[in-house]
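In UniProt numbering, the protein residues as written are 1 to 891.
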């Protein structure tokens with residue numbers, strides 16, 4: 001029997017069916033070890049030696065693999081066909097050798113790009129050794145990311161309070177978002193006019209022609225810049241006679257786009273299906289790993305982490321056969337199409353994302369897929385088959401028209417196009433795919449019959465005013481496209497990088513657009529000032545090129561690390577003498593348009609509006625991050641939050657509250673104020689004064705007496721719960737609007753719900769939260785997600801969802817689940833091991849006393865010898881101390 005190691009359990013189950021009884025397929029479930037998230041895991045002084053750590057869940061999986069290998073005839077490593085997959089195979093093999101279970105057994109590496117029986121069996125016939133060049137590229141990338149994160153992040157923490165982390169790819173991606181925002185802020189809109197004429201042919205057909213020349217000069221786009229010029233040109237056309245100068249019909253061809261890469265798949269799924277990049281990859285993973293088709297689990301698409309645009313020769317042949325049978329011979333081009341990517345650093349050896357079988361048309365498999373899977377498969381199938389279809393044949397007609405007004409001439413043009421042969425467009429039924437537009441970007445409709453030298457009748461002249469618009473903010477899709485163009489990151493990292501920026505609260509997503517938070521702007525400004533090289537797009541791309549050269553065996557990975565580290569650590573050391581005043585001076589200059597916008601009265605933007613003599617500057621608070629304050633502090637206590645809205649004048653000094661009226665019940669004054677954490681309303685004065693922050697979406701200038709009273713009246717009693725008899729209330733808290741019952745909170749959609757929600761809906765909202773495993777009582781114990789059973793020493797063991805992720809609970813012992821572990825998949829045996837480890841590290845006096853007994857029970861439950869229970873791993877012992885630090889430093 002041979003042991004085969006793949007990455008996912010779903011894949012293992014499918015491949016086991018393909019290979020039969022002579023093989024045992026086990027899953028590593030991703031990476032089995034990683035660099036410990038603490039200082040010293042990569043040691044430049046020891047020629048970049050690296051320490052690796054196996055977490056408890058991975059240790060269990062590796063034990064199963066090792067036990068199977070002991071009694072096997074050989075080991076076959078069949079992880080994914082990319083750098084990460086190669087690295088996982090290397091890690092697994094290295095651990096098995098350290099366990100001394102390999103011996104002289106044969107070890108083979110196989111790769112397959114699709115999970116189909118044919119692809120898997122063909123791969124088994126062509127084994128190879130582990131590609132150490134790919135492993136070296138992985139090691140270099142992992143070391144670089146670690147060295148940047150664990151050396152640059154502490155600089156941020158010391159010099160820029162409130163910052164969370166920095167990273168090699170993360171920080172450059174954040175700069176892209178911030179640079180676009182700065183570009184939008186600098187943008188000055190310009191006026192322009194479009195002028196057109198609605199004309200009629202002698203046969204009574206109407207069409208529109210656009211003004212393209214006047215006064216003997218060709219008009220460039222947006223050449224008519226004001227209403228006066230537009231009015232003059234309109235008057236010229238109003239009194240003109242119109243004659244057709246020429247009619248030219250020119251045949252053109254429209255070619256299909258290449259099959260999807262990871263990037264283009266994410267872009268298309270975002271624009272057409274509304275999927276986030278992470279959602280796209282989740283659904284694609286399911287299609288790749290396999291779904292049940294007619295009683296057999298089959299992978300429907302090829303591997304989806306790729307930057308290649310070419311398909312395998314056998315896939316191209318299959319696509320051409322499918323095109324002939326499904327669309328007709330005319331739709332099959334004479335020669336197969338070949339594509340090459342325009343993206344930087346693309347690895348052409350990687351195949352594009354495509355269906356594993358072109359005969360599985362979307363309509364045939366739709367009923368076997370969930371809605372998201374069906375929609376994504378439809379997108380992939382159509383793009384892939386269209387890429388090998390014949391070009392669409394278009395006839396493009398251009399009509400040139402002369403307007404003569406007493407010897408003054410103007411030129412107009414009308415364009416139209418007609419599809420003479422749809423070609424690849426036939427694959428797209430009712431949708432248009434990225435890349436289908438014509439070469440010049442126009443997509444005009446059909447023109448009526450128009451003949452040269454004939455006169456036309458004027459129906460109407462239109463002059464419409466427009467204003468140029470700033471470049472749009474990035475969406476996830478357009479940001480990924482830009483990253484790909486610049487050569488920043490890799491297909492497997494795009495989604496994770498964007499998630500990191502969101503998790504760090506450096507960007508927010510509003511209506512699918514990425515908006516940099518003030519915190520993100522600060523971090524970018526700091527890095528641009530003091531670590532310029534490491535947030536340059538070209539530098540980051542050149543580093544990616546070097547990683548590709550390592551994977552191709554052209555560079556030594558440690559040479560690349562040495563070159564990088566020499567300059568990087570020198571830059572880090574230079575910041576040790578950096579004072580906070582130096583940081584603030586740099587930030588004040590770079591962020592001046594945001595922090596100190598121009599005043600309407602033309603005065604000094606940095607003059608304090610409160611005392612008049614002080615100068616405004618950015619300030620850094622330990623807990624609150626950055627804010628704008630007066631240089632005359634503490635005599636002047638003017639502050640306002642840092643950010644565009646706060647800087648535009650709505651923020652008021654806390655020493656100059658704005659009176660809104662009096663409370664009709666208490667007679668106390670109600671005021672609108674602005675503090676370090678933003679605007680708020682207050683009733684009365686002193687420490688006992690009632691305060692309420694403004695909810696999201698409520699601008700300070702919209703707050704009146706009535707709204708202020710409503711906010712200050714919170715929390716609001718809704719009614720008694722029909723089952724418990726306890727009061728349900730609504731209010732506004734740190735995490736937004738909520739309803740509260742018996743210590744359990746559930747969020748509601750908007751602040752308006754807080755004031756209007758009724759008893760029935762409140763009960764329903766609370767019930768929904770409980771049914772989803774929520775209902776956390778703030779300050780109390782979260783609701784149990786799953787009951788696992790009783791501990792050998794008594795008491796239930798449950799899985800719960802905490803603020804920092806899921807954990808297992810027994811009495812007063814809480815043990816966090818390993819990263820990536822599904823809370824619903826935790827077993828009692830795994831929970832006992834986690835509790836034993838946690839108790840041994842200090843889970844309370846009583847827990848300490850029972851630690852040894854608990855470990856023994858855990859070992860028995862797992863089927864291990866009792867004597868081994870005392871050797872529970874100590875590697876996790878340092879995690880608790882470094883948890884806070886490592887969360888910030890990780891890429």
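Glycine is no exception: its CB is placed at the ideal position from the N, C-alpha and C atoms.
Query, Result
"Could you tell me whether any non-hydrogen atom of the ligand FAD is closer than 7 Å to the CB of residue 256?", "For the structure depicted, the ligand FAD is absent and the ligand set is empty, with no information on it obtainable."
"Quick check on this structure: which residue in 201, 148, 495, 357 has the alpha carbon closest to the alpha carbon of residue 951?", "Because the chain here runs from 1 to 891, residue 951 falls outside it and cannot be looked at."
"Quick one, are the C-beta atoms of residue 199 and residue 459 less than 8 Å apart?", "yes"
"Could I get the ranges of all uninterrupted beta strand (DSSP E) runs contained in the segment 144-200, with 3 residues as the minimum, in chain order?", "191-200"
"Considering only the beta carbon of each residue, do residue 178 and residue 471 sit closer than 8 Å?", "no"
"For residue 735, count neighbouring Cβ atoms within 10 angstroms of its own Cβ and tell me buried if that reaches 16, exposed if not.", "exposed"
"So, does the segment 52-67 touch the segment 13-21, judging by three or more C-beta pairs under 8 Å?", "no"
"DSSP state of residue 468, grouped into three classes?", "coil"
"Excluding five sequence neighbours on each side, which residues of the same chain lie with their C-beta closer than 6 Å to the C-beta of residue 619?", "627, 629"
"Pull up the DSSP beta-bridge partners for residue 462, would you.", "196"
"Pairs of beta-carbons, one from the segment 37-47 and one from the segment 818-831, closer than 8 Å: are there three or more?", "no"
"Could you give the residue range of the beta strand (DSSP E) that holds residue 350?", "Run containing residue 350: none; DSSP gives neither H nor E here."
"Please state whether DSSP places residue 242 in a helix, a strand or coil.", "strand"
"Between which residues of its own chain and residue 19 is the CB-CB distance below 6 Å, once the five residues before and five after are set aside?", "none"
"How is residue 304 classed by DSSP in three states: helix, strand or coil?", "coil"
"Mind listing, in chain order, the continuous alpha helix (DSSP H) runs of no fewer than 4 residues lying wholly within the segment 46-117?", "56-70, 83-98"
"If we call anything under 8 Å between Cβ atoms a contact, is residue 763 one with residue 722?", "yes"
"Look at the alpha carbon of residue 111 and the alpha carbon of residue 127, and state the distance between them as a whole number of angstroms.", "8 Å"
"Compute the distance between the beta-carbons of residue 318 and residue 358, then report whether it is under 8 Å.", "yes"
"Taking 7 Å as the limit between beta carbons, can you name the residues of its chain near residue 306, skipping five residues before and five after?", "261, 262, 350, 351, 352, 353, 491"
"Leaving out the 5 sequence neighbours to the left and right, which residues in its chain are closer than 8 Å to residue 348 when beta-carbon positions are compared?", "The predicted position of residue 348 is uncertain, since its pLDDT is 44 and thus under 50; a value taken from the coordinates is nonetheless stated next. Here the set comprises 308, 310, 340, 341."
"If you compare alpha carbons, which of 331, 666, 133, 482 is closest to residue 548?", "133"
"Is residue 533 near residue 526, with beta carbons less than 8 Å apart?", "no"
"Tell me whether residue 859 sits in a helix, a strand or coil according to DSSP, three-state version.", "Residue placement at residue 859 is flagged as unreliable, the pLDDT there being 40, under the threshold of 50; a coordinate-derived value is accordingly withheld."
"Measure the CB-CB distance between residue 2 and residue 72 and report whether it falls below 8 Å.", "yes"
"Taking only the alpha-carbon atoms, compute the straight-line gap between residue 255 and residue 392 and give it to the nearest angstrom.", "7 Å"
"Label residue 136 either buried or exposed according to how many other C-beta atoms from any shown protein chain fall within 10 Å of its C-beta, with 16 as the threshold for buried.", "buried"
"What is the DSSP secondary structure of residue 662, counted as helix, strand or coil?", "strand"
"State the DSSP-derived secondary structure class of residue 582, mapped to helix, strand or coil.", "helix"
"Just the C-alpha distance for residue 213 and residue 221, rounded to the nearest angstrom, thanks.", "11 Å"
"DSSP three-state label for residue 524, please.", "helix"
"Which partner residues does residue 607 have in the DSSP bridge list?", "615"
"Grouping DSSP H, G and I as helix and E and B as strand, with all else coil, what is residue 364?", "helix"
"If I'm right that residue 657 touches residue 637 with Cβ under 8 Å, what's the distance once you round it to whole angstroms?", "Not confirmed; about 12 Å, so no contact."
"Among the residues of its own chain, which have a CB less than 8 Å from the CB of residue 864, if the five just before and after it don't count?", "Below a pLDDT of 50, predicted positions are generally treated as unreliable, and residue 864, at 40, falls in that range; no measurement from the model is reported."
"Any beta-carbon of chain D closer than 8 Å to the one on residue 284?", "Among the chains in the structure shown there is no chain D, since it carries only a single protein chain."
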